[in-house]
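One line per chain: the protein sequences are A and B, in this order.
Numbering-wise (this note's numbering), the first sequence opens with residue 9 and increments by one.
Numbering-wise (this note's numbering), the second sequence opens with residue 9 and increments by one.
Virtual Cβ for every residue (Gly too), placed ideally from N, Cα, C.
Some notes on the structure that comes next.
There are 2 protein chains.
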Amino acid sequence: MTVAPSQLPIEQNPLSAEELRKIDAYWRACNYLAVGMIYLRDNPLLREPLKPEHVKYRLLGHWGSSPGLSFTYIHLNRLIKKYDLNMIFIAGPGHGAPGVLAPIYLEGTYSEIYPDRSEDEEGMKKFFKQFSFPGGIGSHCTPEMPGSIHEGGELGYSLSHAYGAAFDNPDLIVACVVGDGEAETGALATAWHSNKFLNPIRDGAVLPILHLNGYKIANPTILARIAPEELESLFVGYGYTPYVVECPEGEDVTVSHQKMAAALERCINQIRSIQEEARRTGEAKRPRWPMIILRSPKGWTGPKEVDGHKVEGFWRAHQVPMAEMQSNPHHLKLLEDWMRGYQPEELFDEKGKLIHELKELAPVGHRRMSANPITNGGLVRKELRLPDFRDYAVEVSKPGTTEVEPTRVLANFLRDVMRNNRDNFRLFGPDETASNRLNGVYEVTKKTWMAEFKPEDLDGSELSRDGRVMEMLSEQTLEGWLEGYLLTGRHGLFNTYEAFVHIIDSMFNQHAKWLDVSRHEVPWRVPISSLNILLSSTVWRQDHNGFSHQDPGFIDVVTNKSAEVTRIYLPPDANCLLSVADHCLRSTGYVNVIVADKQKHLAYLTMDEAIKHCSKGIGIWDWASNDDRGVEPDIPDVIMACCGDIATQESLAATAILRQEFPQLKVRFINVVDLFKLQSDTEHPHGLSNRDFDTLFTPDKPVIFNFHGYPWLIHKLAYRRTNQERIHVRGYKEKGNINTPLELAIENQIDRFNLVIDVIDRVPKLQSAAAHAKERMKNQIIENLHYAREHGIDKPEILNWKWS
Amino acid sequence: MTVAPSQLPIEQNPLSAEELRKIDAYWRACNYLAVGMIYLRDNPLLREPLKPEHVKYRLLGHWGSSPGLSFTYIHLNRLIKKYDLNMIFIAGPGHGAPGVLAPIYLEGTYSEIYPDRSEDEEGMKKFFKQFSFPGGIGSHCTPEMPGSIHEGGELGYSLSHAYGAAFDNPDLIVACVVGDGEAETGALATAWHSNKFLNPIRDGAVLPILHLNGYKIANPTILARIAPEELESLFVGYGYTPYVVECPEGEDVTVSHQKMAAALERCINQIRSIQEEARRTGEAKRPRWPMIILRSPKGWTGPKEVDGHKVEGFWRAHQVPMAEMQSNPHHLKLLEDWMRGYQPEELFDEKGKLIHELKELAPVGHRRMSANPITNGGLVRKELRLPDFRDYAVEVSKPGTTEVEPTRVLANFLRDVMRNNRDNFRLFGPDETASNRLNGVYEVTKKTWMAEFKPEDLDGSELSRDGRVMEMLSEQTLEGWLEGYLLTGRHGLFNTYEAFVHIIDSMFNQHAKWLDVSRHEVPWRVPISSLNILLSSTVWRQDHNGFSHQDPGFIDVVTNKSAEVTRIYLPPDANCLLSVADHCLRSTGYVNVIVADKQKHLAYLTMDEAIKHCSKGIGIWDWASNDDRGVEPDIPDVIMACCGDIATQESLAATAILRQEFPQLKVRFINVVDLFKLQSDTEHPHGLSNRDFDTLFTPDKPVIFNFHGYPWLIHKLAYRRTNQERIHVRGYKEKGNINTPLELAIENQIDRFNLVIDVIDRVPKLQSAAAHAKERMKNQIIENLHYAREHGIDKPEILNWKWS
């Protein structure tokens with residue numbers, strides 16, 4: 009592939025005088041509305057002179073990028089109409105919501121969804137007042153905004169969301185405005201490479217529009233202050249064909265309109281011809297997709313100067329160009345002049361509705377970007393065609409005696425999920441699909457790869473132009489892709505290393521908030537598929553990779569988000585993993601986190617038992633217990649509880665030792681799959697009632713809880729439980745270096761020997777007889793550590809331990 | 009600035025035959041050691057035929073990028089010697105540690121620090137065995153590695169660390185190898201723009217070496233599979249002058265050596281001439297700094313094929329090219345042939361030491377990159393020259409009656425810190441320094457800006473070529489810069505929005521782990537300055553920005569890391585903030601998190617009181633309490649506890665209401681500054697003993713704890729306290745949209761009215777009289793919500809509330 013010239017010929021002045029007049033009028037209407045949203049609570053059409061009481065007391069919202077967003081939006085509208093395009097709009101600088109809300113209101117969608125914000129003076133007044141007003145809507149492209157799949161409150165994810173939406177939507181064009189501030193974030197800087205994963209035959213297109221308005225809150229942006237040649241080189245380097253639309257301050261806006269119209273039309277035509285050629289020939293090469301660099305003044309068309317300071321074209325236009333409207337008559341006058349400058353009387357009819365000739369400029373029905381059904385993903389979501397997960401069961405004739413790699417078992421199920429849902433499911437992972445033992449899926453679909461191929465790739469690289477396993481070494485891009493894919497109605501699963509999922513903590517937070525608001529505040533949003541995150545390569549098997557790879561704390565972050573949208577599962581074995589995965593893939597509206605290691609683990613439950621266990625989420629394992637349940641509610645001497653695969657194994661091994669050492673000891677063995685069972689039912693819908701909790705755990709017997717993650721998370725969840733101080737939790741406590749698995753367990757005291765010591769220390773009736781047993785445990789620890797240091801591996805009896 | 013050609017003339021074949029022979033021999037020695045580390049536990053010099061028992065049972069480590077790392081390292085050595093350079097080495101692909109450990113061992117540093125791993129056969133055996141072996145060292149560039157400031161376990165931060173090290177180190181060149189896998193991460197993709205912040209006069213240089221070895225774990229890398237023209241464009245676009253060193257598979261390595269020698273020398277000369285010119289003319293323009301693109305086969309010089317599969321130059325070379333050494337004699341033979349192919353007998357003398365003529369190739373003493381003192385930052389760290397923070401005190405004649413913006417007060421102190429420490433302290437923030445009210449520092453130093461200037465910048469952009477406020481809209485880059493700056497012995501503070509600090513959760517985790525290991529396992533590492541993070545624009549004042557901007561959960565992440573290295577402070581007012589900041593700036597070896605909002609807050613304590621309060625970290629505020637302390641230990645009826653500025657204000661306002669409603673009620677008012685005081689002293693060095701806790705909180709009285717963050721964090725910390733179930737915590741529980749401040753507080757029940765209700769519900773003696781009071785509180789809530797929805801702001805009596 010050769011590097012294409014960045015400037016192909018563009019038609020000059022494509023707009024007729026009539027079109028130009030109208031499109032500019034439409035833009036003035038948008039800008040008028042944007043200012044109105046930021047400032048006004050009354051007198052929306054300025055039908056009387058502006059008075060202080062018409063202005064909001066608290067002025068919020070971001071004027072700076074609003075005009076550029078509207079400008080782009082309405083020029084896209086022209087092309088949607090002209091070519092009957094299926095298009096959606098993503099506003100990276102979500103803070104510029106007024107610039108998006110305005111055209112959405114003008115094209116009628118807003119009033120259709122929110123009838124009280126009707127297309128008349130009264131509705132406009134409410135539309136203005138609600139903006140960034142208590143009880144109203146936010147100043148970003150929040151879930152309440154029709155047509156939005158990207159809030160843009162936290163910056164950086166617009167472009168990966170855009171690509172996620174475009175995958176498997178061959179007719180769709182995702183217009184994505186990237187703010188030049190946002191462009192400095194890491195997430196955005198690497199998301200440009202998403203074009204190496206977009207197939208022009210089966211996927212739609214993304215049209216990135218880098219909006220260089222030059223400034224962030226109080227600083228210039230980097231990309232606006234490098235040489236134009238550098239800037240173009242950068243995007244050529246990223247693999248795009250950049251088209252530069254320069255709209256310098258002071259330029260006649262009709263010239264700007266002509267430039268934008270021409271460049272966008274060029275891009276759309278290029279996209280169409282790329283797709284047409286690829287689809288005609290069946291050959292999916294990586295094209296140099298077009299993109300726009302729109303350089304326009306910040307706060308375009310706003311006040312040039314306020315109190316002697318430059319505003320338009322400067323960072324001072326970022327938020328509210330001037331304030332103190334109640335106390336500063338000069339500012340009030342400035343505002344009135346500014347708004348009247350848009351000539352609202354020419355734009356809105358007597359009732360306050362956009363005049364007919366302008367109304368006609370917008371597309372209608374589902375062609376409106378604000379009414380495109382895919383932006384309300386649940387609407388277009390097709391249920392997955394799931395094979396019966398029971399068919400992939402591991403046979404378990406006796407608990408704890410067969411070893412399998414649980415994620416390899418899961419891969420068989422996922423393989424057939426992918427086989428059955430070829431345009432509706434993708435698997436995401438940062439170069440770890442094989443490492444996480446999910447490579448079984450390659451039997452039906454490979455890894456998407458639109459970059460160069462080499463002959464040796466045939467030997468196991470598993471690449472394909474039309475694969476649907478998405479691998480790139482950027483957790484942020486993957487998470488963004490998956491979110492975009494789900495938000496537009498599809499399904500997927502993200503698998504990643506447990507420690508490094510923290511890279512997307514913040515993205516998880518934002519997505520969980522989006523789901524929470526959608527569920528509780530936006531009744532018209534139909535639930536989308538859950539975001540499924542599989543954490544593999546977990547802490548207890550990162551003994552060899554060392555301390556930097558050991559961090560089970562992502563689930564702690566998850567527990568801070570709304571109980572309505574968060575679910576955490578730690579299946580103890582392969583069959584439970586299958587059952588949990590099936591459940592998660594069917595669910596909507598959640599973030600489901602599944603923690604399951606990839607290495608060999610014992611299988612404990614038959615498929616039927618696993619289903620039962622996972623449905624309850626927590627339960628007693630009879631075969632590992634020897635208390636006489638049913639006779640008295642609190643007959644056990646001790647409860648061995650556990651959550652997580654390795655934690656379960658060590659708890660079981662400890663229980664086996666206890667049986668041998670103290671045959672008279674009554675042990676109840678409880679396994680937790682669904683972590684939120686530990687929370688009270690008043691705090692989480694999955695929480696156990698106190699009564700059920702006490703039935704399981706007794707109200708007063710010691711609980712030795714072996715946990716996969718940081719131990720204090722259990723206390724955080726269970727702090728309201730009866731006599732919670734008797735719950736003694738072991739877990740990862742930041743002790744690790746290069747170890748064997750057992751050594752790592754011992755360092756953190758989640759190992760079988762330390763658990764036995766914990767029991768001895770906490771069960772009064774063992775006190776007298778226990779000194780020797782404790783000594784034996786300590787000796788075991790010393791011996792095992794010695795062996796590990798000598799041989800670099802654990803003893804065979806540890807490696808091959810089975811329940812018996 | 010024009011775009012420079014990417015290929016300036018390079019001297020051909022700069023190495024003499026003799027040099028060439030030696031440098032290749034040195035490289036062979038490195039590669040031999042790298043293989044040895046991965047495979048051998050005995051017979052290190054192959055003085056007897058290789059037997060299965062010489063090989064480790066568990067084969068760990070990454071061969072793939074090791075040869076390229078050594079190759080680069082030793083070519084840099086040549087130039088260090090030739091030009092007497094002050095240079096350090098950062099290995100982005102830290103998994104290739106064998107390729108860095110090898111030259112470090114060969115140049116003697118390793119044995120100086122770890123005498124048992126001496127430069128002889130016995131030492132080499134230990135050196136091999138320890139690698140990725142239980143009780144040994146990790147397979148990344150961990151703190152145990154001399155010369156390392158970057159572990160490279162989690163990928164993405166090498167380049168920002170490199171720039172951080174170069175700032176204010178004018179003589180230093182930081183050679184930074186960026187892996188092509190790592191290059192796909194967001195953090196790395198945007199860190200290339202760091203060159204817009206490096207001043208050639210006062211800063212050192214960074215020489216990035218993009219190591220295109222083509223593959224990640226099981227995938228090709230993006231940058232290795234785009235057209236060469238695209239690749240060059242990308243780096244021209246990033247603002248560099250790229251020099252491409254192509255070392256294709258099968259090329260005579262002597263040719264590769266010549267190319268690398270020539271290109272590196274060209275780069276060093278270019279760096280020197282850039283610096284010389286800038287320093288001579290005093291004009292700091294942004295140069296197009298050189299960089300290297302090194303394309304070499306993955307697993308270079310290793311087995312070409314194993315079992316019929318391509319290995320060298322393919323992803324199969326990523327980790328261990330072949331395994332089963334104990335059971336597969338063919339593999340064992342392959343290994344032996346491979347190792348003998350490096351001709352160890354020519355490289356090491358009888359004792360096992362590198363032969364003299366090769367020894368001479370490495371620099372000596374502190375010129376060795378592994379012994380450069382700045383890589384042990386504490387060694388070269390200069391104490392800050394701190395002004396007396398008491399001089400910046402806010403006058404407080406009566407508690408809770410004066411309002412100030414605490415961070416603006418802090419800014420005055422920071423301003424003088426920056427004035428006094430012009431080459432030793434920087435302030436970092438993502439375009440938020442002014443927004444966070446820290447702009448007072450601009451009086452003495454501006455924001456670093458090496459990109460283009462415009463005339464309007466003179467009106468408040470606060471940019472300067474030699475500013476030392478670092479602003480870029482990438483939390484990841486800023487955090488990386490600061491870490492690099494601290495790790496090389498300097499000081500700094502990172503201020504950022506509370507919600508979005510989650511973007512660097514993972515970086516925080518990694519840095520905390522680095523500090524933890526350095527403190528406990530690496531006695532020769534001298535403590536570096538603490539990483540100080542100021543979280544401002546906090547949840548309770550993001551009412552107007554809405555839900556996406558509300559997340560106080562970073563401190564939850566912090567509490568999962570080692571108690572030895574983590575500190576969290578929530579100063580309730582400006583004087584406390586000054587006292588805490590002074591303490592943090594003096595400290596070493598920690599991550600200090602300070603949570604303090606930027607908006608107007610009441611001041612409660614005089615400077616003397618603040619110092620006393622912050623030194624204790626927790627304490628009773630007598631002036632807000634009316635219990636008769638001293639008479640009986642548990643005389644109060646209720647304890648009003650609080651932590652965080654807004655939480656404190658609301659707790660105080662509730663206490664004021666209580667005094668009015670229930671004059672007979674005995675209230676003890678406790679404020680927490682140092683969050684870890686709540687943990688037990690057995691868990692955190694700052695933790696209160698149970699006895700002290702009970703003295704403060706009584707053993708049994710109800711505690712109404714108003715917390716800044718997620719409420720359950722308090723339960724997580726305090727779960728061991730006496731009768732912990734009586735501690736009733738309020739905090740942020742994910743309830744928020746567009747609100748007024750009071751409305752947001754009410755939604756989450758941290759407001760004064762709900763706190764009073766909490767007291768009524770929990771103090772038995774209030775039960776009878778309380779119904780009316782409760783009603784009054786509920787009415788207050790309704791009234792206030794109504795007012796907020798109507799006016800968009802809180803009532804004046806709320807806005808202007810003062811303690812009296």
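Interface residues of the stretch 15-48 of chain B facing chain A [CB-CB below 7 Å]: none
Within 8 Å of chain A by C-beta, residues of the stretch 495-512 of chain B in sequence order: 507, 508, 510, 511
Start-end ranges of the beta strand (DSSP E) lying completely within the stretch 195-275 of chain B, minimum 3 residues: 213-220, 249-254
Cα-Cα separation, residue 658(A) to residue 808(A): Taking the first sequence and counting its residues from 1, one reaches residue 658(A) at position 650. Taking the first sequence and counting its residues from 1, one reaches residue 808(A) at position 800. Each residue's alpha carbon lies about 13 Å from the other.
Who are the Cβ neighbours of residue 667(A) in its own chain at under 6 Å, not counting the five residues just before and after it? Within the first sequence, residue 667(A) is the residue found at index 659, counting from 1. Taken in chain order, the list of residues that qualify is empty.
Helix, strand or coil at residue 374(A) according to DSSP, with G and I counted as helix: Within the first sequence, residue 374(A) is the residue found at index 366, counting from 1. Three-state result, residue 374(A): helix.
Mind listing which residues of the stretch 600-623 of chain A have their C-beta closer than 8 Å to chain B's C-betas, in chain order? Taking 8 Å as the Cβ-Cβ cut-off, the stretch 600-623 of chain A has no residue approaching chain B.
Let's see if you can read the secondary structure: which residues bound the alpha helix (DSSP H) around residue 78(A)? If you number the first sequence from 1, residue 78(A) lands on position 70. For residue 78(A), the enclosing alpha helix (DSSP H) covers residues 74-91.
Which same chain residues, not among the five before or five after residue 400(A), have their C-beta less than 7 Å away from its C-beta? Residue mapping note: residue 400(A) aligns to position 392 of the first sequence, counting from 1. Shown here for residue 400(A): same chain residues with a beta carbon closer than 7 Å to its own, the five before and five after excluded, namely 417, 420, 421, 586 in chain order.
Do three or more CB pairs link the stretch 564-577 of chain B to the stretch 606-617 of chain B at distances below 8 Å? Contact fails: fewer than three Cβ-Cβ distances are below 8 Å.
Ordered along the chain, which non-local residues of its own chain (more than five positions away) have a Cβ less than 6 Å from that of residue 346(B)? For the purposes of this step, residue 346(B) is taken as residue 338 along the second sequence, with counting starting at 1. Closer than 6 Å at the Cβ level, and outside the excluded window around residue 346(B), lie 311.
Could you run through the stretch 142-164 of chain A and flag, in chain order, every residue whose CB is less than 8 Å away from some CB of chain B? 142, 143, 144, 145, 146, 147, 148, 150, 159, 161, 162, 163, 164
Is there at least one non-hydrogen atom of the ligand SAM closer than 7 Å to the beta-carbon of residue 35(A)? Ligands in the displayed structure: none, and consequently the ligand SAM is not present.
Do residue 484(A) and residue 172(B) have their C-beta atoms closer together than 8 Å? Taking the first sequence and counting its residues from 1, the one referred to as residue 484(A) is at position 476. Taking the second sequence and counting its residues from 1, the one referred to as residue 172(B) is at position 164. No, they are not a contact pair.
So, with DSSP's three-state summary, where would you put residue 562(A)? The count along the first sequence starts at 1 and reaches residue 562(A) at position 554. Residue 562(A): helix per DSSP, three-state reduction.
What does a CB cutoff of less than 6 Å around residue 177(A) pick up in its chain, not counting 5 residues either side in sequence? Residue numbering aside, residue 177(A) sits at position 169 when the first sequence is read from its first letter. 212.
Any beta carbon of chain B sitting closer than 8 Å to that of residue 480(A)? What you label residue 480(A) is simply residue 472 of the first sequence in a count that begins at 1. It does; some Cβ of chain B falls within 8 Å.
Local conformation of residue 298(B) per DSSP, three classes: The residue you call residue 298(B) lines up with position 290 of the second sequence. When secondary structure is reduced to three states using DSSP, residue 298(B) falls in the strand class.
Mind checking who residue 437(B) pairs with in its DSSP beta bridge? As a first step, residue 437(B) must be located in the second sequence, where it is residue number 429. The partner list for residue 437(B) (beta bridge, DSSP) reads 479(B).
Whole-number beta carbon distance between residue 217(A) and residue 252(A), since they are thought to touch under 8 Å: Taking the first residue of the first sequence as position 1, residue 252(A) is located at position 244. Taking the first residue of the first sequence as position 1, residue 217(A) is located at position 209. So it is not a contact: roughly 11 Å between Cβ atoms.
Using a C-beta cutoff of 8 Å, does residue 556(B) count as contacting chain A? In the second sequence, residue 556(B) corresponds to position 548, counting from 1. Interface residue, yes.
Give the range of the alpha helix (DSSP H) segment to which residue 721(B) is assigned. The residue you call residue 721(B) lines up with position 713 of the second sequence. That run of the alpha helix (DSSP H) goes 720-726.
Applying the criterion that 16 or more other CB atoms from any shown protein chain within 10 Å of the CB defines a buried residue, is residue 466(B) buried or exposed? One-based indexing of the second sequence puts residue 466(B) at position 458. Under this definition residue 466(B) is an exposed residue.
Tell me residue 145(B)'s beta-bridge partners as DSSP assigns them. The residue labelled residue 145(B) in the question sits at position 137 within the second sequence. DSSP output for residue 145(B) lists 139(B) as bridge partner(s).
What residue from 305(B), 530(B), 405(B), 215(B) has the CA that sits closest to residue 297(B)'s CA? Your numbering for residue 297(B) matches position 289 in the second sequence. That would be 215(B), whose Cα lies nearest to the Cα of residue 297(B).
Is residue 10(A) buried or exposed, if buried means 16 or more other CB atoms sit within 10 Å of its CB? For the purposes of this step, residue 10(A) is taken as residue 2 along the first sequence, with counting starting at 1. At residue 10(A), the pLDDT of 35 sits below 50, so the modelled position is not reliable; the number obtained from the coordinates is stated separately. Exposed, since its Cβ has fewer than 16 Cβ neighbours within 10 Å.
Identity of the residue in 631(A), 701(A), 686(A) nearest residue 674(A) by Cα: Position 666 of the first sequence, counting from 1, holds the residue named residue 674(A). The shortest Cα separation from residue 674(A) among 631(A), 701(A), 686(A) belongs to 631(A).
Less than 8 Å between the C-beta atoms of residue 53(A) and residue 360(A), yes or no? As a working note, residue 53(A) is residue 45 in the first sequence. As a working note, residue 360(A) is residue 352 in the first sequence. Yes. Within cutoff.
Do residue 495(B) and residue 157(B) have their C-beta atoms closer together than 8 Å? Looking up residue 495(B) in the second sequence gives position 487. Looking up residue 157(B) in the second sequence gives position 149. Yes, Cβ-Cβ distance for residue 495(B) and residue 157(B) is below 8 Å.
Quick check: what's the CA-CA separation for residue 521(A) versus residue 540(A)? Your numbering for residue 521(A) matches position 513 in the first sequence. Your numbering for residue 540(A) matches position 532 in the first sequence. Distance between the alpha carbons of residue 521(A) and residue 540(A) is about 16 Å.
Considering only residues of the same chain and omitting the five flanking positions on each side of residue 511(B), which have a CB-CB separation below 8 Å? Here residue 511(B) corresponds to residue number 503 of the second sequence, with the count starting at 1. So the qualifying residues of the chain are 483, 484.
Could you work out which residue in 288(B), 116(B), 233(B) is closest to residue 377(B) when comparing CA atoms only? In the second sequence, counting from the first residue as 1, residue 377(B) sits at position 369. For residue 377(B), the nearest C-alpha among the options comes from 116(B).
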